[in-house]
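Protein chains in written order, with the numbering used here: chain A, 417 to 562; chain B, 417 to 562.
Notes for the one structure printed next.
There are 2 protein chains.
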Amino acid sequence: MNQFSLDPQLAADCHILGEMGCCLLLLMNNSLAPWFILVPQRNETEICDLPREDQLAVLDCINLLSRFLKSHFKVDKLNVAAIGNVVSQLHIHIVARRRDDFCWPGVVWGRKERQPYDEETVEQLTSALAAAMPSRFSPRSRHGNP
Amino acid sequence: MNQFSLDPQLAADCHILGEMGCCLLLLMNNSLAPWFILVPQRNETEICDLPREDQLAVLDCINLLSRFLKSHFKVDKLNVAAIGNVVSQLHIHIVARRRDDFCWPGVVWGRKERQPYDEETVEQLTSALAAAMPSRFSPRSRHGNP
């Protein structure tokens with residue numbers, strides 16, 4: 417198996433919050449909706465091609481993150497999607513949608529609106545994730561030594 | 417638990433092909449892309465709220481259907497998504513996307529283009545599904561007695 421490395425487009429578009437089980441946990445750098453992305457550290461591009469144990473590990477991450485979003489934000493509907501038309505590396509969007517958000521009831525993909533996060537909000541979110549799932553989420557230091 | 421009944425909007429937009437495990441299998445009535453929908457016959461609206469055994473059953477259906485699409489169509493990427501902003505009843509889109517399809521690399525949701533299927537193609541697809549997974553897919557008769 418080739419070594420995993422995060423797709424450069426995902427790295428450019430997102431904050432890397434940390435690791436969650438077998439996945440990297442990213443936050444799309446757009447505060448218009450709570451928009452998280454799970455990236456299994458695997459080289460398959462389709463869920464159906466993952467080995468069963470990896471599928472179950474990803475499902476666990478989806479469950480944990482979904483429940484965190486429901487507890488931490490007002491959520492009218494979660495949008496959970498593996499698309500990958502632009503970035504083929506397998507990644508699963510989990511977006512907390514509200515009836516009054518910027519593009520309800522449309523989908524967030526393909527929209528141009530952007531409002532980057534401030535650093536403090538990203539750190540608060542990371543801390544909240546770490547507090548909610550101390551044994552499952554490992555924050556990535558945002559100010560580590562080089 | 418309340419009895420399950422298919423959301424009227426899904427029923428209006430799709431052909432009901434049959435049952436696949438715990439799910440109804442629908443075909444979006446738009447031949448511009450092979451666009452299938454799995455509807456778990458449950459009343460939860462989020463994947464994370466399904467009991468574990470139902471989650472695993474849905475995952476099995478996603479795997480089976482994904483592999484069928486990869487074998488039956490030219491597929492550059494599968495789009496697998498539970499959205500539900502318009503129809504909250506839990507349903508999972510599985511769309512076989514090609515680089516030359518009508519809206520690549522955009523997503524299919526929210527697009528207005530439509531090209532309904534002819535009856536023969538729907539019957540052929542249903543037969544192909546039944547042949548590919550005889551023990552897992554039960555076609556619904558399209559010409560049964562009332």
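Note that the Cβ used here is the ideal one computed from N, Cα and C, for glycine as well.
- When DSSP states are grouped into helix, strand and coil, LEU442 (chain A) belongs to the strand group.
- DSSP places GLU539 (chain B) within a helical segment (H, G or I) once states are collapsed to three.
- When DSSP states are grouped into helix, strand and coil, LYS493 (chain A) belongs to the strand group.
- The region 495-512 of chain A and the region 476-496 of chain B touch, with three or more beta-carbon pairs separated by less than 8 Å.
- With fewer than 16 neighbouring CB atoms inside 10 Å of its own CB, PRO424 (chain A) falls in the exposed class.
- In this structure, ALA449 (chain A) keeps its C-beta atom at 8 Å or more from the C-beta atom of LEU485 (chain A).
- Counting the other Cβ atoms within 10 Å of the Cβ of ASP470 (chain B) gives 16 or more, which makes it buried.
- A Cβ-Cβ distance of about 5 Å is found for the pair HIS507 (chain A) and ILE453 (chain A), placing them in contact under the 8 Å criterion.
- A direct Cα-Cα distance of roughly 32 Å separates SER554 (chain A) from SER482 (chain B).
- Counting the other Cβ atoms within 10 Å of the Cβ of PRO467 (chain B) gives fewer than 16, which makes it exposed.
- Taking 7 Å as the cut-off between beta carbons, the residues of the region 481-501 of chain B near chain A are SER482, ARG483, LYS493, LEU494, ASN495, VAL496, ALA497, ALA498, ILE499, GLY500, ASN501, in sequence order.
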